Ligand SMILES: Cc1cc2nc3c(=O)[nH]c(=O)nc-3n(C[C@H](O)[C@H](O)[C@H](O)COP(=O)(O)O)c2cc1C
Ligand code: SF4
């Protein structure tokens, strides 16, 4: 791996009982970055974050400093921190919010300062009550200590920070649906273009949306410098990042990794290998929306953004879901597709209808009623949602949720055609008069 010290989880490892309190945070260097940032001023903070080449950890991996540069000059402007974290297999932001909320609050204050924002929001998934309690407590402590509110540390800078609980839907993690939800509307994505959040976002004012993990890196970057951050790991995706590993490994959990190791090292050394000595069959490299990887092609490729992209998938939300040889891949695809079908907000026909049809076909195959035409129909429905079934996906939809449902289906058809054929074969042996086939 690397001998570079932990950044995001250092405090929670060193002080497991009290890492969430302001006393422990301040005793371990907390809020020194804020004092430094207040002296540096806006432009110098942005330069450090650009030098760090800190990529967003919410899914798309867009560099945070570059995104901040897009913020339109009109004021007021807002910073919204995305803690909706609902992508299956992803549970890293939860740990950062529960175990080191002041690191997030300090990162949010510095980022607000850098973007000339006087009101920021932390939007937390509705099903994360402990995260919400811990973050709210940290915000209250920060107000009491003079790190938030009017005239922060006598600097003349004012910032209000509001904690808001999410609407209980996966789509509320998509940044424009999140903004609608924050405004009290239905959590449905907005059309982009014409308006992007950096120009017209919350209350139609310029808005930056960043992920919890992204902003939790900011205090370290200010304390140590952007160049020190960009020197860690690969040039194109430097720093440390959280990786939630789940599924059939011996040691599932959150790991703070430096990119550049291989998948073999990540799955076997970091996560302890496959349960019961079983064979590795496939894994999802970056959250449920990401195309699957298989050992024969990918086990010795690198865990870097560049390598994952060029191998036809994505780092995404940093969630790795590992499946061993006992996994029924048709069932695995169905479980993922069912999630997306359930979470489709319904605005776009290809997503609303297509995800439901994909799920119904897969369920029928699993129930023993597969048809010879199923592989073609699965492909055809996928093609209607995401033309050409390519990666990166093309879209007929307002947001990427629709194409996300195509990833498991395309992965199933590409890597496990024999399991699809077996499900079809089982179906052809069932009398036509039974069940759905009749
Ligand atoms: C369907 C969908 C769900 C998403 N869910 C989340 C989420 O839970 N958390 C998150 O940070 N980003 C999520 N995103 C990405 C956000 O739209 C946005 O890109 C991100 O919050 C930006 O932060 P970053 O630049 O720091 O990564 C989601 C995107 C889509 C399309
Ligand atoms: S793609 Fe799906 S989730 Fe996204 S806006 Fe359209 S219907 Fe809603």
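Residue numbers (the numbering used here): -15 to 422. Glycine included, every Cβ here is placed at the ideal spot set by N, Cα and C. Treat the numbers as computed from the prediction; the structure is a model and nothing was measured.
Residues bridged to residue 267 [DSSP beta-bridge criterion]:
The partner list for residue 267 (beta bridge, DSSP) reads 277 and 306.
Between which two residues does the beta strand (DSSP E) containing residue 240 stretch?
Segment 237 to 242, the beta strand (DSSP E) holding residue 240.
Could you give the DSSP three-state label for residue 156: helix, strand or coil?
Per DSSP, reduced to three states, the secondary structure at residue 156 is helical.
May I ask whether a heavy atom of ligand 1 can be found less than 8 Å away from the beta carbon of residue 158?
Distances taken from the Cβ of residue 158 to the heavy atoms of ligand 1 include one shorter than 8 Å.
What I want to know is whether the C-beta of residue 155 ends up closer than 8 Å to one or more non-hydrogen atoms of ligand 1.
Taking the Cβ of residue 155 as the reference point, at least one heavy atom of ligand 1 falls within a distance shorter than 8 Å.
List the whole-angstrom C-beta distance separating residue 203 from residue 213, where the pair is believed to meet the contact cut-off of C-beta under 8 Å.
In this structure residue 203 is not in contact with residue 213, their Cβ atoms being roughly 11 Å apart against a cut-off of 8 Å.
Let me check understanding here. Comparing Cα to Cα, which of 31, 63, 20 and 67 lies closest to residue 43?
The residue with the shortest Cα to Cα distance from residue 43 is 67.
For the beta strand (DSSP E) holding residue 226, just list the boundary residues, first then last.
Segment 224 to 231, the beta strand (DSSP E) holding residue 226.
Consider the C-beta atom of residue -8 and the heavy atoms of ligand 2; say whether any pair is separated by less than 8 Å.
It does not: the Cβ of residue -8 is nowhere closer than 8 Å to a heavy atom of ligand 2.
Is it true that the CB of residue 407 sits closer than 9 Å to the CB of residue 338?
In this structure, residue 338 keeps its C-beta atom at 9 Å or more from the C-beta atom of residue 407.
Exposed or buried, what is residue 359 when buried is set at 16 or more other beta-carbons lying within 10 Å of its beta-carbon?
Burial of residue 359 is indicated by the presence of at least 16 other C-beta atoms within 10 angstroms of its C-beta.
Taking residue 127 as part of the alpha helix (DSSP H), name the residues at either end of that continuous run.
Counted as a single uninterrupted DSSP element, the alpha helix (DSSP H) harbouring residue 127 occupies residues 113 to 128.
Let me have the residue list for ligand 2: C-beta closer than 6 Å to any non-hydrogen atom, ordered along the chain.
Those residues that bring their Cβ nearer than 6 Å to a heavy atom of ligand 2 are 155, 173, 328, 329, 330, 331, 332, 335, 336, 381, 382, 383, 385 and 386.
Over the uninterrupted beta strand (DSSP E) stretch that includes residue 145, give me the two end residues.
Residue 145 -> beta strand (DSSP E) spans 144 to 149.
Determine the contact status of residue 404 and residue 366, defining contact as a CB-CB distance below 9 Å.
Not closer than 9 Å, so no.
Counting only C-beta atoms, is residue 284 closer than 9 Å to chain B at any point?
Among the protein chains of the structure shown there is no chain B, as only one such chain exists.
Note down, in chain order, each residue of its chain lying with its Cβ closer than 7 Å to the Cβ of residue 211, except the 5 sequence neighbours on either side.
Counting only Cβ-Cβ distances below 7 Å, and skipping sequence neighbours, we find 35.
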